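Residue 11 is where the sequence shown starts when you use our numbering, and the numbers rise one by one after that. C-beta atoms are modelled at their ideal positions from N, C-alpha and C, and glycine is treated no differently. Computed from a predicted model, the values in this text were never measured in an experiment. I have placed the structure first, in the form of structure tokens, so that the comments after it can refer back to it.
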Amino acid sequence: MLQWSSALLTLALAALGSGAPVQPVARNLLRNPGFESGQNHPDGWRMLSPRPETASGVRWLWEKGKSHSGRRSVLVQSTGGGLGMWQQVVQVEPGGVYQISGYVAFDRIAPPGRCGLQLVFRDADGRVLQFVDLPAHTGSRGFALDFPARLKVRAPARSDRVEVNLLLSGAGKAWFDDVFFGPAPTGTVAGTVASGGKPLADARVF
11 MLQWSSALLT LALAALGSGA PVQPVARNLL RNPGFESGQN HPDGWRMLSP RPETASGVRW
71 LWEKGKSHSG RRSVLVQSTG GGLGMWQQVV QVEPGGVYQI SGYVAFDRIA PPGRCGLQLV
131 FRDADGRVLQ FVDLPAHTGS RGFALDFPAR LKVRAPARSD RVEVNLLLSG AGKAWFDDVF
191 FGPAPTGTVA GTVASGGKPL ADARVF
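So, in structure tokens, the structure goes:
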């Protein structure tokens, strides 16, 4: 037991000394997640309403001057019961674990209206496999993170892609900025296990 404890201590000190991160930084798979690049439209994102009738009264704006960071955000605004969203489609691995977060602000959204972040997983033929909705918002609020603890979700079997939706349903306004979607960090640590200054053959860290 003493030898094994010493080996773990040696590994920990080596990691600290080398500056190795304990938890890797997650990689954002979204293009233009802060909505800063583009000409007349934010690069990588499209405006969408599921059906023509749900687009009535809905406006999509690339907002300048209201943001969580940088200069821009995106806005969905509705004067009635319409449904609109900004959307980006990302390729995923079946069974992969991903996380979603973003900054959301909203104004005068009354129930049953709502706004929030949504994931829709589809297979290679476009069939819906799973909907994942973060808890929806009503009322009014400035930019805040949805949510402080990022939601983690496993892509269903046969997943080919996911739609990242920033949506508003019903009357009101909803702004979105600094959206993240990417693989969840595993926290894996790699290194050589040593005892008394000598490497231990076939030693593994779990």
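query	result
I'd like to confirm the pairing. Which residues does DSSP put opposite R124 in its beta bridges?	S179
Measuring CA to CA, which of A154, V86, V138, L144 is closest to Y113?	A154
I'd like the list of long-range same chain contacts for V172, defined as Cβ closer than 6 Å, with 5 residues on each side in sequence excluded.	V100, V102, L129, F131
Can you check DSSP and say which residues form a bridge with V130?	F141, E173
Should G75 go down as buried or exposed, given a rule of 16 or more other Cβ atoms within 10 Å for buried?	exposed
Grouping DSSP H, G and I as helix and E and B as strand, with all else coil, what is A65?	helix
Which of the three DSSP states is assigned to P52 in this structure?	strand
Could you compute how far the alpha carbon of E73 sits from the alpha carbon of S169?	33 Å
As a quick exercise: from H147, G192, F186, F157, pick the residue whose alpha carbon is nearest that of R118.	H147
Count the other C-beta atoms from every protein chain shown that fall within 10 angstroms of the C-beta of Q49, then say buried if there are 16 or more, exposed otherwise.	exposed
Within 10 Å of its beta-carbon, does P60 have 16 or more other beta-carbons around it, so buried, or fewer, so exposed?	exposed
Compute the Euclidean distance between the alpha carbons of S179 and P195, then round it to the nearest angstrom.	32 Å
From the DSSP output, which residues share a beta bridge with K162?	Q109
With a threshold of 16 other CB atoms inside 10 Å of the CB of D187, please say whether the residue is buried or exposed.	buried
What's the C-alpha gap between A134 and A167?	11 Å
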